[in-house]
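Protein chains in written order, with the numbering used here: chain A, 80 to 403; chain F, 80 to 403.
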């Protein structure tokens, strides 16, 4: 995506708050994930759950008279083909899907394999329990446990004579901490790595410089008595996710390590010093600050448009879909 | 708004999660607020900050060479007229505006009064500190303190020979607990009363039956081992606001007092019993539940369309504006 010199708007011209996407960082993050999967000999299944720049349709498909699956697709299958369906497993996260130890797993795989409505594609697990990790070693433990459990279920499915072509695991933390055991899988499907965020940085999935999105906001008030700045980004521009997780609040002010987002109302943020005194004159009314969000999936969902930037030029606009 | 018999969709046909607005409750809430203002002899200044169904434009207007104001308007003023501008005061909430005791208040009023760019309309205060109240008596204390402080500043402005036609206070909790001291004002500008929400119910601003909006969601999973239902509404359909505020989580399940929204991921909610055992068979897969949100301003902002309902008929769609 080449910058259109002369015609492109500058970041400084944007109304705020605005959601910015650094195109070069997105490209680098995608290339790194792809290279990592190539090295492991697995497929990278691209997800759109963070940026939602592709409209997916939801279909309710009957597997047999008792069992239905919800299918999310970008395109309907070609004539004569059926939907590819995955069996969702929960190997420790305890969200949706069948429990890896339960015989329901192989029963459902058999049902899907026999169904005229769907083609059984394989197994899928989102190991979101990796988000509870306090250090990279915990993420690695979740990764190993998830793979071991998934392979156990796959062994039981195969023992029933059912082919299981796809073995996929996701979660950005585990996929950002790859290990050789992943060679036993066929695909990875992390969701957040395209943008990353402060949460992923804390989990060790990325460095601050890899975070490819931010919220641009402007200083709209000086309150010397409170030694406080007001900015035009409140929870409707950032969400309250991550509150209390960082010394700087629920986010990181890029290149401003002593700024703390102390609290937010709907459209206003209150910024104090992390430590000591804030020189308010360093942040004149109208000056722009750039916020790296705690959870980019949540923050991105607050914006009708993403401004794609290269340095300080706005080179494109991406309009995410709304809805589910 | 008459229901279009025969042609209207039914609530049960909607994709979920969906944001529903009960038209009759909205009408009643608006009529009540208007009647209350009429009785007090003040104007009701309608706000759009909760539902945002009207696009406002932001203009930056110079009051003099040093002072600027941001003006939010639905329409530009007729030729020859200037912008009406209010002085924002913070009489205890400590967000934006001048502090009521500060001489900056009367200085800014004088500046605005002399400016060729704006017409000084009066003073405006949002007493958002009423949201910290734990009981109606605390809301009333905030109301009285705010009015007393505002009148003190207005007295000082008038002593400088500046007319101050509008004396307005807002916040839904204070305006939902009116008192005779409000007769000294000229307008009220609550924001949330059109929809109300669980937070306002806790603050005593409304009853549960007055809450005019809800999120329709469907049961998508049964987990007997965890005695848990999964629903298709996570934080991207509700926000996490109000987490831990109620025995039922951050919201209320309408007509289901024993359901608790235990936690949420992006697009999934986990529902347990408030007390005792949940009979999962009472909530078959696909059945609809209706969630009264903790903070309707935040939840409404998550939806590209509001489905306006009368009983179980969808009689209209309102499309809120995005952005700020």
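The beta-carbon is built from N, C-alpha and C at its ideal position, and this holds for glycine as well. Given the structure is predicted, the values throughout are model-derived calculations rather than measurements.
- Residues of chain F whose Cβ lies closer than 8 Å to the Cβ of residue 253(A) do not exist; the shortest such Cβ separation is about 16 Å.
- The beta carbons of residue 253(F) and residue 171(F) sit no closer together than 8 Å.
- Among the residues of the segment 325–348 of chain F, those with a Cβ less than 8 Å away from any Cβ of chain A are 344, 345, 346, 347, in the order of the chain.
- Distances from the alpha-carbon of residue 199(F) to those of 211(F), 173(F), 243(F), 227(F) put 243(F) closest.
- Spatial neighbours of residue 385(F) in its own chain (CB-CB distance under 6 Å, excluding positions within 5 residues in sequence) are listed in chain order as 98, 100, 397.
- Residue contact with chain A for residue 321(F): absent (no Cβ-Cβ distance below 8 Å to any residue of chain A).
- Contact of residue 92(F) with chain A is not assigned, every C-beta pair being separated by 8 Å or more.
- Interface residue (Cβ-Cβ distance to chain A less than 8 Å): residue 259(F) is not classified as such.
- For residue 191(A), the uninterrupted alpha helix (DSSP H) segment begins and ends at 183–193.
- Taking 3 residues as the minimum length, the beta strand (DSSP E) runs contained wholly in the segment 251–304 of chain F are 292–302, in order along the chain.
- The DSSP-derived three-state label of residue 196(A) is coil.
- If only uninterrupted beta strand (DSSP E) runs of at least 3 residues are considered, those enclosed by the segment 329–365 of chain A are 330–332, 338–343, 348–352.
- Burial check for residue 117(A): the Cβ neighbour count within 10 Å stays below 16, so the residue is exposed.
- Taken atom to atom, the span from the alpha-carbon of residue 326(F) to that of residue 353(F) is near 7 Å.
- Residue 296(F) sits away from residue 273(F), with the two beta carbons spaced by 8 Å or more.
- Residue 98(F) has a beta carbon lying at 8 Å or more from every beta carbon in chain A.
- Residues of chain F with a Cβ closer than 7 Å to the Cβ of residue 362(A) do not exist, since the nearest Cβ in that chain sits about 16 Å away.
- Rounded to the nearest whole angstrom, the CA to CA distance from residue 284(A) to residue 255(A) is 5 Å.
- Taking 8 Å as the cut-off between beta carbons, the residues of the segment 158–179 of chain A near chain F are 173, 174, 175, 178, in sequence order.
- For residue 215(F), there is no enclosing beta strand (DSSP E); the enclosing alpha helix (DSSP H) covers residues 215–238.
- Under the DSSP definition of a beta bridge, residue 89(A) partners with 392(A).
- For residue 292(A), there are no neighbours in chain F by C-beta distance under 9 Å, as the nearest C-beta there is about 16 Å away.
- A residue is called buried once 16 or more other Cβ atoms fall within 10 Å of its Cβ, and residue 289(A) is buried on that count.
- Residue 132(F) sits in coil when the DSSP states are folded into three classes, being neither helix nor strand.
- Chain order gives the chain A residues near residue 309(F) as 175, where near means a beta carbon separation below 7 Å.
- The count of Cβ pairs closer than 8 Å, one atom from the segment 356–372 of chain F and one from the segment 297–309 of chain F, reaches three, so the stretches are in contact.
- Secondary structure at residue 115(A): helix, using DSSP grouped into helix, strand and coil.
- Burial state of residue 113(A) is exposed, judged by a 10 Å Cβ sphere holding fewer than 16 other Cβ atoms.
- Within the same chain, Cβ atoms closer than 7 Å to the Cβ of residue 122(A) are found at 116, 265, 266, the five residues on either side in sequence being excluded.
- For residue 258(F), the number of other beta carbons within 10 angstroms of its own is below 16, and it is reported as exposed.
- Between residue 261(A) and residue 93(A), the C-beta gap is not smaller than 8 Å, which leaves the two residues out of contact.
- In its chain, beyond the 5 residues on either side, 368 have a beta carbon closer than 7 Å to the beta carbon of residue 335(A).
- Listed along the chain, the chain F residues whose CB falls inside 9 Å of the CB of residue 315(A) are 376, 377, 380, 403.
- In this structure, residue 345(F) sits near residue 315(F), with a CB-CB distance shorter than 8 Å.
- The C-beta of residue 305(A) comes closer than 8 Å to at least one C-beta of chain F.
- When DSSP states are grouped into helix, strand and coil, residue 247(F) belongs to the strand group.
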